[in-house]
Amino acid sequence: MKVAYDINTLISKFKEKDKIALSKLITIIENEPERAHEIFKHFENIKHDSYIIGITGSPGVGKSTLTGQITKKVLEEGKSVGIICVDPTSPFSGGAFLGDRVRMTDISLHPNVFLRSLASRGYKGGISRAVFDISLLYEAYGMDIIIIETVGVGQAEFDIYNLAYTVVVVLVPGYGDAIQMQKAGIIEIGDIYNINKKDLGGEDIAVQIEMMLDDTVFHSGWRPPVSMTDAIAGEGIDDLIQNIRDHKEHLELSDAINEKKKSRFTYKIKELIYSKIQKLISESFINENEIKEIVDHAVDDGKFKIYRTIYKKFEDVNFEIKKK
Amino acid sequence: MSERKIRVLMSKPGIDGHWRGGIVVSRAIRDAGMELIFGGFQNVEQIVESAIQEDVDVIGLSIHSGAHFAYTQQVIDLLKERGVLDNIMILVGGVVPAKDFPKLKEMGVANIYGPGSMTSDIVEFIKTHVKK
Chain A
1 MKVAYDINTL ISKFKEKDKI ALSKLITIIE NEPERAHEIF KHFENIKHDS YIIGITGSPG
61 VGKSTLTGQI TKKVLEEGKS VGIICVDPTS PFSGGAFLGD RVRMTDISLH PNVFLRSLAS
121 RGYKGGISRA VFDISLLYEA YGMDIIIIET VGVGQAEFDI YNLAYTVVVV LVPGYGDAIQ
181 MQKAGIIEIG DIYNINKKDL GGEDIAVQIE MMLDDTVFHS GWRPPVSMTD AIAGEGIDDL
241 IQNIRDHKEH LELSDAINEK KKSRFTYKIK ELIYSKIQKL ISESFINENE IKEIVDHAVD
301 DGKFKIYRTI YKKFEDVNFE IKKK
Chain B
1 MSERKIRVLM SKPGIDGHWR GGIVVSRAIR DAGMELIFGG FQNVEQIVES AIQEDVDVIG
61 LSIHSGAHFA YTQQVIDLLK ERGVLDNIMI LVGGVVPAKD FPKLKEMGVA NIYGPGSMTS
121 DIVEFIKTHV KK
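Protein sequences, first through last, are from chains A and B. Numbered by our numbering, the letters in the first sequence go through residues 1 to 324 in order. Numbered by our numbering, the letters in the second sequence go through residues 1 to 132 in order.
Structure, rendered in structure tokens:
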């Protein structure tokens, strides 16, 4: 028989630092986000703050291996680490192959580590909807450090910027030329740039990044440093960690850490509001079937009419809202 | 909104370099809409700890070393010790002779997939038998 867990039992076990309880609470929050309140109301007098690091970059640049190496060093200092790794959900099957944990097998048994792999489940922005909630659970659990590893990103999935205090953008040799460095998006959001796989070169990328940074005005007073690592060999990790530490210190001294915290909460509050509105709209205004009807009609009867149809819908709903 | 997804851990206990089977089955599980956590080479403690932290419904043990009785028993014992055995279904695959199936089932393995098994059967079995 499958054991059923009730929230109160889980909460009290969680408070005794039971990892099974932490894991079950993560599952609840991921599958039923509307129950977050039910869980977090039990933690309202916990004051603990974790330091939150984001690791982002394209697929295959070594984010997971780096995460493992950073964690290993942090553990040596006697600190605890909560890790969240996100990999993409298939748009075809809804399934996912979560292959980040396999890069961190050597830290997986450490008592001060907890690692959860997440599928993005259709959420855009390089993370999953549950990432904020799980980071909050880790804070309540008392983790010193939280590391959020994003999905392998392209140019525009930069939600991590709103969720982590220090964002490490990981690049590899051959990333791109001076033009790529000028583009908006992911290449702008690093507090630290780290070129991994330095055994394959990468000095050219370091120069390009430095030139890009030289052309940027940093109102915060923090000019991102560039580090180089060979994550598999464990080389350069100390430099990267020193950079993270320096950035943390910068945030704390300049009080910018509070701005970072505010941006985390703003992000989550907006997400809660928008997902609620989205739900209301799909329930009351237009649902998947109606969209399908419009689309079928557009294919049969001409694509230029979709604007008329949809704006007519907007007017109708406007009318409805005004009535209320 | 989010829905409940079946989560499966695929592990290779011990030292055994035969990746292909585990990868092929993992891919089939992904394509069937489940979330597959690829554990790769793991010792028994790592398998159980991963299963706990990932809160999986199923552990798939891919074993080609001939040591299926020993590893499977150790995984089952440790899951039991940690108090999570009742919530996790165990499947074994790899080079396992059919004559060993009954004993594995007796030990608590839900099903065994030897050479020639169909991935569609594995997927179907998981979907049918995972207790919600």
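Quick reminder that beta carbons are idealized off the backbone N, C-alpha and C, glycines included. Note that the coordinates shown come from a computational prediction; the quantities given were computed from them, not determined experimentally.
Contact with chain B by residue i, beta-carbon distance below 9 Å
{"i": "V86(A)", "result": "no"}
{"i": "R35(A)", "result": "no"}
{"i": "T351(A)", "result": "The shown model of chain A, from 1 to 324, leaves out residue 351(A), and the question about it has no answer."}
{"i": "I20(A)", "result": "yes"}
{"i": "S64(A)", "result": "no"}
{"i": "T89(A)", "result": "yes"}
{"i": "V102(A)", "result": "yes"}
{"i": "I273(A)", "result": "no"}
{"i": "M1(A)", "result": "Summary for M1(A): the model assigns pLDDT 47, below 50, so the residue's position carries little reliability; its value from the coordinates is reported in the next sentence. With 9 Å as the cut-off, M1(A) counts as an interface residue toward chain B."}
{"i": "T105(A)", "result": "yes"}
{"i": "F92(A)", "result": "yes"}
{"i": "T27(A)", "result": "yes"}
{"i": "L137(A)", "result": "no"}
{"i": "K72(A)", "result": "no"}
is_contact[residue i, chain A] using C-beta, thresh 9 Å
{"i": "S26(B)", "result": "yes"}
{"i": "E124(B)", "result": "no"}
{"i": "Q46(B)", "result": "yes"}
{"i": "G83(B)", "result": "yes"}
{"i": "K5(B)", "result": "yes"}
{"i": "A32(B)", "result": "yes"}
{"i": "I63(B)", "result": "no"}
{"i": "Q42(B)", "result": "yes"}
{"i": "S50(B)", "result": "yes"}
{"i": "G39(B)", "result": "yes"}
{"i": "M16(B)", "result": "Going by the sequence as given, residue 16(B) is Asp instead of Met. No, because no Cβ of chain A sits closer than 9 Å to the Cβ of D16(B)."}
{"i": "T128(B)", "result": "no"}
{"i": "L36(B)", "result": "yes"}
{"i": "Q53(B)", "result": "yes"}
C-alpha gap between residue i and residue j, whole angstroms
{"i": "D49(A)", "j": "Y138(A)", "result": "10 Å"}
{"i": "Y175(A)", "j": "V207(A)", "result": "12 Å"}
{"i": "R27(B)", "j": "T119(B)", "result": "9 Å"}
{"i": "G152(A)", "j": "K124(A)", "result": "12 Å"}
{"i": "M1(A)", "j": "Y311(A)", "result": "Because M1(A) carries a pLDDT of 47, less than 50, the predicted location of this residue cannot be relied on, and the following value inherits that uncertainty. Each residue's alpha carbon lies about 53 Å from the other."}
{"i": "L75(A)", "j": "V299(A)", "result": "58 Å"}
{"i": "M34(B)", "j": "S11(B)", "result": "16 Å"}
{"i": "V96(B)", "j": "I112(B)", "result": "8 Å"}
{"i": "G154(A)", "j": "G57(A)", "result": "7 Å"}
{"i": "M1(B)", "j": "E235(A)", "result": "Confidence at M1(B) is low in this model, with a pLDDT of 39, below 50, so its placement is unreliable and the value that follows should be read with caution. Cα to Cα, the separation comes out at about 42 Å."}
{"i": "S282(A)", "j": "F43(A)", "result": "33 Å"}
{"i": "E124(B)", "j": "F41(B)", "result": "25 Å"}
{"i": "A32(B)", "j": "I6(B)", "result": "10 Å"}
{"i": "V113(A)", "j": "I52(B)", "result": "13 Å"}
{"i": "V131(A)", "j": "K313(A)", "result": "34 Å"}
{"i": "I291(A)", "j": "D159(A)", "result": "28 Å"}
{"i": "R20(B)", "j": "D87(A)", "result": "21 Å"}
{"i": "K248(A)", "j": "G114(B)", "result": "53 Å"}
{"i": "D6(A)", "j": "A184(A)", "result": "46 Å"}
{"i": "K260(A)", "j": "E315(A)", "result": "39 Å"}
{"i": "T9(A)", "j": "K41(A)", "result": "14 Å"}
Residue i (DSSP reduced to helix, strand or coil)
{"i": "S80(A)", "result": "coil"}
{"i": "V84(B)", "result": "coil"}
{"i": "D87(A)", "result": "strand"}
{"i": "V189(B)", "result": "Coverage of chain B is limited to positions 1 through 132, which leaves residue 189(B) absent and any answer about it impossible."}
{"i": "T150(A)", "result": "coil"}
{"i": "F158(A)", "result": "coil"}
{"i": "L109(A)", "result": "coil"}
{"i": "Y113(B)", "result": "strand"}
{"i": "Y274(A)", "result": "helix"}
{"i": "A70(B)", "result": "helix"}
{"i": "H18(B)", "result": "coil"}
{"i": "Y5(A)", "result": "coil"}
{"i": "R129(A)", "result": "coil"}
{"i": "V92(B)", "result": "strand"}
Residue i and residue j closer than 9 Å at C-beta
{"i": "A96(A)", "j": "L9(B)", "result": "no"}
{"i": "S62(B)", "j": "G17(B)", "result": "no"}
{"i": "Y165(A)", "j": "I257(A)", "result": "yes"}
{"i": "G60(A)", "j": "V172(A)", "result": "yes"}
{"i": "L240(A)", "j": "V168(A)", "result": "yes"}
{"i": "I147(A)", "j": "G78(A)", "result": "no"}
{"i": "I122(B)", "j": "M89(B)", "result": "no"}
{"i": "D199(A)", "j": "P224(A)", "result": "no"}
{"i": "I329(A)", "j": "M143(A)", "result": "Nothing can be reported for residue 329(A): it is not among the residues displayed for chain A, which extend from 1 to 324."}
{"i": "L118(A)", "j": "I84(A)", "result": "yes"}
{"i": "A329(A)", "j": "I186(A)", "result": "The structure shown has nothing for residue 329(A), since chain A only spans 1 to 324."}
{"i": "Y267(A)", "j": "N162(A)", "result": "yes"}
Short CB-CB distance (under 9 Å) between residue i and chain C
{"i": "R308(A)", "result": "As a matter of chain content, chain C is missing from the structure shown, whose protein chains are A and B."}
Problem set entry | Ordered list of alpha helix (DSSP H) runs contained in the stretch 213-263 of chain A, each at least 4 residues | 237-253
For this session: Could you tell me which uninterrupted beta strand (DSSP E) segments, each at least 3 residues in length, are contained entirely in the stretch 161-200 of chain A, listed from first to last along the chain?
Result: 166-171 and 192-195
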